[in-house]
């Protein structure tokens, strides 16, 4: 009998996490995160993932790279390949060699996209079943997403994002299983909404107030869903269809436009 592998995640301690620049509407250098709370919230998420049977690998934090903590943006991982991000904003481009070195040291097949393409990893590229759903406009480009889909020989469905508050796909869309996902429709253009409705049989719509708590930026492990606090309506709907929810406070990271999913990169399916 094959025993399923434990979920594996890449995380980065928030030693140097702070609001040093403003590259999305959530960031305001005058509204700084509390360092002690940031560390406590990150450790709580880390502990919760461990309690749910996950293995956590860590990349060392680097001074001057405050958003290295958001490891979801490191790469898109597929089988043994890591497609390293090419960040749109110069403030984050220093993360690229750090993530590249980590993946190379851990024996991944590291792949770099052409230099003229912007792509921000698992923040904008999420599998639901065998289909790669790919957000674009604010951070990633369609040509980059199509290029990756060709490399892995998978169908890609581009989804245009329309609200700068939801600048990455994983802020407004979260697959639960091969046929189900949670999403915030107002973050997408009409074509993307129609595409999601046509391709995913079971869509759970998140209300605006809870979308603003980054309800969709959740981590899913089988029937367990880890998400930010303040999303009771979504939690109730998830429990009604057989999921167990785990709310953990992540408000310090919301100040930079991130939550549970942003703080983790799943390394195995």
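Residue numbers (my numbering): 5 to 273. Don't be surprised by glycine CBs; every beta carbon is placed ideally from N, CA and C.
Among 176, 201 and 181, which has the Cα closest to the Cα of residue 191? 176
Can you tell which of 271, 92, 72 and 125 has its C-alpha closest to the C-alpha of residue 79? 125
Who are the near neighbours of residue 100 in its chain, counting only those whose CB is closer than 8 Å to its CB and skipping five residues on each side? 88, 89, 90 and 91
Buried or exposed: which applies to residue 214, given that a residue is buried once 16 or more other Cβ atoms fall within 10 Å of its Cβ? buried
Quick check: the Cα distance between residue 291 and residue 130, rounded to an integer number of angstroms? Residue 291 cannot be examined here, being either before or after the span of the chain that is shown, 5 to 273.
Own chain, CB closer than 7 Å to residue 162, minus 5 neighbours either side, in chain order: 138, 140, 146 and 149
Do you know how far the Cα of residue 23 is from the Cα of residue 226? 33 Å
Residues of its chain near residue 115, where Cβ-Cβ distance is below 8 Å and the 5 sequence neighbours each way are ignored: 85, 86, 87, 88 and 155
Nearest candidate by alpha-carbon position, reference residue 309, set 257, 118 and 273: Lying before the first or after the last residue shown, residue 309 is absent from the chain, which here runs from 5 to 273.
Below 8 Å between beta carbons: does that hold for residue 128 and residue 144? yes
Output needed for residue 142: all residues of its chain with C-beta closer than 7 Å, excluding positions within five of it in sequence on either side, in chain order. 165, 168 and 171
Identify, in the order they occur along the chain, each residue of the same chain with its Cβ nearer than 6 Å to the Cβ of residue 25, setting aside the five sequence neighbours on each side. 95
Skipping 5 residues on each side, what residues in its chain have a beta carbon closer than 6 Å to that of residue 183? 205 and 206
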